[in-house]
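Single-structure report; data block below.
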Amino acid sequence: MRKLSSSSVRKITATQVDDFTKCSLKFSFTEPTEPTELPKSMGAIQHTNRGDSYTSHQQVGKVLHLAIEMLIKDEALDVDDAWQLAFDRIIGDREAVSEVSVSRNKKRLKRRIQNLREFIDNRAANSNPEIHAEKSLDWNDTRCKLSGKLDLLIVDSVSTIIDHKKGSVVSDGVVEKKHRDQLAFYAHLVYENYDIDRVDCWLFSLKDGLVEVPLTCEDIVLFVEPLLANIEDYNNRVPDEQPAMPSDENCSWCPYCDRCEKFWIKIGSNGFNRLASGEAIAGTILGEISIAKNGKSTFRVDAIEGTKSGEVILTEVPRRVLSNNELSEGDSIKAFHLHGSEDNEILTWDDRNSRLSRN
Ligand code: SF4
Numbered sequence: 024m025r026k027l028s029s030s031s032v033r034k035i036t037a038t039q040v041d042d043f044t045k046c047s048l049k050f051s052f053t054e055p056t057e058p059t060e061l062p063k064s065m066g067a068i069q070h071t072n073r074g075d076s077y078t079s080h081q082q083v084g085k086v087l088h089l090a091i092e093m094l095i096k097d098e099a100l101d102v103d104d105a106w107q108l109a110f111d112r113i114i115g116d117r118e119a120v121s122e123v124s125v126s127r128n129k130k131r132l133k134r135r136i137q138n139l140r141e142f143i144d145n146r147a148a149n150s151n152p153e154i155h156a157e158k159s160l161d162w163n164d165t166r167c168k169l170s171g172k173l174d175l176l177i178v179d180s181v182s183t184i185i186d187h188k189k190g191s192v193v194s195d196g197v198v199e200k201k202h203r204d205q206l207a208f209y210a211h212l213v214y215e216n217y218d219i220d221r222v223d224c225w226l227f228s229l230k231d232g233l234v235e236v237p238l239t240c241e242d243i244v245l246f247v248e249p250l251l252a253n254i255e256d257y258n259n260r261v262p263d264e265q266p267a268m269p270s271d272e273n274c275s276w277c278p279y280c281d282r283c284e285k286f287w288i289k290i291g292s293n294g295f296n297r298l299a300s301g302e303a304i305a306g307t308i309l310g311e312i313s314i315a316k317n318g319k320s321t322f323r324v325d326a327i328e329g330t331k332s333g334e335v336i337l338t339e340v341p342r343r344v345l346s347n348n349e350l351s352e353g354d355s356i357k358a359f360h361l362h363g364s365e366d367n368e369i370l371t372w373d374d375r376n377s378r379l380s381r382n
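In terms of the numbering used here, the sequence shown opens at residue 24 and continues consecutively.
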């Protein structure tokens with residue numbers, strides 16, 4: 024486990040701040056690993072390691088970001104063309120993404136893009152600011168390196184940050200804390216890298232449109248100072264294990280449940296109210312695994328830990344998950360982010376979210 028010192032290659036990015044703040048153990052699992060250490064099988068689309076594994080949802084987000092970047096740089100480009108170019112570049116024909124999500128997000132972008140273009144034109148109307156898309160900025164101190172890629176940065180005496188989001192950013196009329204924190208992180212980087220008077224922070228949400236997030240210099244300090252103190256604590260604990268913070272919210276979509284002892288302990292003591300990601304089991308495969316003509320398999324598991332206990336049936340598991348894990352009768356597995364139902368013991372694999380590893 025590496026410290027987050029500025030001399031180390033490890034750094035913390037704006038998108039990792041939420042994980043870092045909520046569960047240090049989860050953050051520590053995002054340590055880069057060698058490709059040979061790749062977990063034997065995960066349900067999500069994988070790249071170099073599990074911390075860098077991209078779900079279909081994230082892939083669509085990357086397409087969206089690239090499409091917006093193109094649309095801002097080229098006013099003559101329309102959304103269909105930008106989307107197609109971005110899709111080909113990010114996804115091509117290599118990996119499956121949800122077509123529903125693709126068409127829904129493209130439709131929303133068509134509705135919103137003109138507002139964003141006009142907003143940028145207004146901000147640039149009376150001066151000649153630098154306009155950057157996907158701008159990387161760093162800041163080092165003795166404790167860590169903070170690093171961020173800003174979706175859109177307009178550098179002027181009053182500068183503007185805009186962060187793009189597919190989904191809604193407002194809950195009960197208030198901008199969600201994680202988005203506010205992310206913008207505070209970016210604003211810190213902008214103040215440290217440019218000689219400017221002020222930064223205005225905005226979100227460009229496909230659902231909510233342009234949403235201003237007012238952040239004063241004091242707000243930014245109140246965010247950054249505790250973050251730096253937490254990083255110092257994290258560094259002081261290295262190389263010991265970082266503390267786990269199991270909760271419904273933190274663990275629901277955590278991709279590291281199989282490596283987290285506290286997660287299984289909490290399930291065992293009925294400590295979760297409801298995991299949004301569904302069922303999780305640890306147990307032993309019973310009997311032979313048969314694969315149907317459609318390449319999906321069904322097998323029985325004697326669950327000794329998790330949201331179910333006793334004999335359960337795991338169904339719709341793709342052949343690649345079996346072969347990647349070299350699974351057979353008697354193997355111990357952990358499987359999570361599964362669909363289930365209260366009234367039966369059948370657990371169904373969800374190809375976009377479910378994960379499985381052999382112990
Ligand atoms: S399962 Fe929960 S407690 Fe464990 S690392 Fe993930 S978020 Fe943290």
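Beta carbons are placed, not taken as given, at the ideal position from N, Cα and C, and that holds for glycine.
The Cβ atoms of PHE110 and VAL86 sit closer than 8 angstroms to each other.
Annotation: VAL193 to ASP231 spans about 8 angstroms, alpha carbon to alpha carbon.
DSSP lists GLU302 as the beta-bridge partner residues of LEU361. Taking 8 angstroms as the cut-off, the beta carbon of LYS26 is found no closer than this to the beta carbon of MET268. In this structure, ASN348 keeps its C-beta atom at 8 angstroms or more from the C-beta atom of LEU309.
Across the set ASN216, GLU241 and ALA207, the C-alpha of ALA207 shows the shortest separation from the C-alpha of LEU226.
Looking at the backbone, the Cα of SER292 and that of LEU337 are separated by about 23 angstroms. Three or more pairs of CB atoms, one per stretch, sit closer than 8 angstroms, so the segment 341-359 contacts the segment 269-283. With respect to ILE113, LEU89 sits close: the two C-beta atoms are nearer than 8 angstroms. Of the candidates ASP116, SER121, GLY115 and SER126, the residue whose Cα lies closest to the Cα of ASP103 is SER126. Taking the CA atoms as reference points, ASN149 sits about 40 angstroms from THR165. Cβ-Cβ separation between SER121 and VAL178: approximately 36 angstroms, too far for a contact (criterion under 8 angstroms). Look at which beta carbons fall closer than 6 angstroms to any heavy atom of the ligand SF4; those residues are CYS46, LEU48, LYS49, ALA267, MET268, PRO269, ASN273, CYS274, CYS277, TYR279, CYS280, CYS283, LYS285 and PHE286. With a contact defined as Cβ atoms closer than 8 angstroms, VAL261 and MET24 qualify at about 5 angstroms. In terms of Cα proximity to SER180, the closest of ILE136, GLU339 and ASP223 is ASP223.
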